[in-house]
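Chemist:
Protein chains in written order, with the working numbering: chain B, 57 to 201; chain Y, 761 to 920.
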């Protein structure tokens, strides 16, 4: 197996999702995140001017790279990630995660995959990023699978 | 507020905390992010895959970043929720997440003793369309007792 094979077809199949308020609460609780924009709608709207509760940036990042991890071939793993948030995402807005292979380094058995999350209806990107994926030394060798 | 005051604040922002990652921490995070692999919640499955105990999802470090460093008394939180000590000495209307990068060396496993070290890497102020933007970049390093890292994160917050 080569590094170019880490993602079948070089594309991350689209993964759709809509964040519910319970999900925002659970993530804030699991990460001990007291920021009010994620659970206090009157604060989010009245003080910070958001349309609704704000989806945590790290939660979007986790989902982007989780979608990628789920699509990787056996023996491939994320070794670094990079991401930035481009626009607010609110609870209840349907989003889709997509990605594609953009670079391969045969010497290090690694590949770079760009990923993005965007609002399904408008195409507005909310979070974009990339990951470096490495193939384990034994991945794809005879008898390993 | 002067740049000097910002520099002094940055220099005083370093923190180190050591925690034990628990199976409940991992299970709560996995459930919160919808990670359904049994390796996150079932020790038998984890052991069958060669781990000592349940394994956290890849980006579990985000739970340590806030879960460790946000543990302050409630009266030490800003109105918007950020610990007061994490807010630079500036006037701002909104705090936003900027760019993040992280190197992922190995997964967190229940029972791991993790030393979490935070410092301010850099500060910068820029004029934007909506006024002055202040960029604070933190480095978070998560390592074991031998300083062998699990993950190293660089996280920027933007205040405007």
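C-beta: ideal position from N, C-alpha, C; glycine also.
Near residue 173 of chain B, what residues of its chain come up, given a Cβ to Cβ distance below 6 angstroms and the 5 sequence neighbours on each side ignored?
Modeler: 116, 120, 151, 153, 182 and 183
Chemist: Name the residues in the segment 842-857 of chain Y whose C-beta lies less than 9 angstroms from a C-beta of chain B; which are they?
Modeler: 842, 843, 853, 854, 855, 856 and 857
Chemist: Could you check whether the Cβ of residue 180 of chain B sits closer than 9 angstroms to any Cβ belonging to chain Y?
Modeler: no
Chemist: For the segment 808-866 of chain Y, list the alpha helix (DSSP H) runs that are entirely contained and at least 4 residues long, ordered along the chain.
Modeler: 821-829
Chemist: Alpha carbon to alpha carbon, how far is residue 822 of chain Y from residue 842 of chain Y? Give it in angstroms, no decimals.
Modeler: 15 angstroms
Chemist: Starting from the beta carbon of residue 778 of chain Y, find every residue of chain B whose beta carbon is closer than 7 angstroms, and list them in chain order.
Modeler: Residues of chain B passing the Cβ test: none, with the nearest at roughly 16 angstroms.
Chemist: Looking at the C-beta of residue 791 of chain Y, does it have a partner C-beta in chain B at a distance below 9 angstroms?
Modeler: Output row for residue 791 of chain Y: interface = yes.
Chemist: Given a cut-off of 9 angstroms, decide if residue 87 of chain B and residue 916 of chain Y are closer than it, judged by their beta-carbon atoms.
Modeler: no
Chemist: If we ignore side chains and look at the alpha-carbon of each, how far apart do residue 787 of chain Y and residue 869 of chain Y end up?
Modeler: Note on geometry: alpha-carbon atoms of residue 787 of chain Y and residue 869 of chain Y lie some 11 angstroms from one another.
Chemist: Specify, as a first and last residue, the run of the beta strand (DSSP E) that residue 877 of chain Y falls within.
Modeler: Residues 873-888.
Chemist: With a threshold of 9 angstroms between beta carbons, is residue 825 of chain Y in contact with chain B?
Modeler: Yes, residue 825 of chain Y lies at the interface with chain B (some Cβ there is under 9 angstroms from its Cβ).
Chemist: For the segment 878-887 of chain Y and the segment 895-904 of chain Y, state whether three or more C-beta atom pairs, one from each stretch, are separated by less than 8 angstroms.
Modeler: yes
Chemist: Alpha carbon to alpha carbon, how far is residue 129 of chain B from residue 79 of chain B?
Modeler: Taking the straight line from one Cα to the other gives about 28 angstroms.
Chemist: What do you get for residue 809 of chain Y, buried or exposed, if any count of 16 or more other CB atoms within 10 angstroms of its CB means buried?
Modeler: exposed
Chemist: Does at least one heavy atom of the ligand FMN sit under 8 angstroms from the Cβ of residue 70 of chain B?
Modeler: As far as ligands go, the structure on display features none, and thus does not contain the ligand FMN.
Chemist: For residue 155 of chain B, write down the residues that DSSP places opposite it in a beta bridge.
Modeler: B:68 and B:171
Chemist: Any idea what DSSP makes of residue 764 of chain Y, helix, strand or coil?
Modeler: helix
Chemist: Give the range of the alpha helix (DSSP H) segment to which residue 899 of chain Y is assigned.
Modeler: Where residue 899 of chain Y is concerned, there is no enclosing alpha helix (DSSP H), although the beta strand (DSSP E) it sits in stretches over 891-903.
Chemist: Under 9 angstroms, Cβ to Cβ, is there at least one residue of chain Y near residue 60 of chain B?
Modeler: no
Chemist: Does any residue of chain B bring its CB to less than 9 angstroms from the CB of residue 870 of chain Y?
Modeler: no
Chemist: Can you check whether the C-beta of residue 919 of chain Y is within less than 9 angstroms of a C-beta belonging to chain B?
Modeler: no
Chemist: Contact defined as beta carbons within less than 8 angstroms: I believe residue 893 of chain Y pairs with residue 920 of chain Y. What is the distance between those atoms, to the nearest angstrom?
Modeler: With a Cβ gap of about 5 angstroms, residue 893 of chain Y and residue 920 of chain Y count as contacting.
Chemist: Does any residue of chain B have a CB that is nearer than 9 angstroms to the CB of residue 897 of chain Y?
Modeler: Among the CB atoms of chain B, none fall inside 9 angstroms of the CB of residue 897 of chain Y.
Chemist: Excluding five sequence neighbours on each side, which residues of the same chain lie with their C-beta closer than 8 angstroms to the C-beta of residue 133 of chain B?
Modeler: Setting aside the 5 residues that flank it on each side, residue 133 of chain B is surrounded in the same chain by 125, 189, 190 and 192, each with a C-beta closer than 8 angstroms to its C-beta; the list follows chain order.
Chemist: By a C-beta neighbour count over all protein chains shown, 10 Å radius and 16 as the cutoff for buried, is residue 61 of chain B buried or exposed?
Modeler: buried
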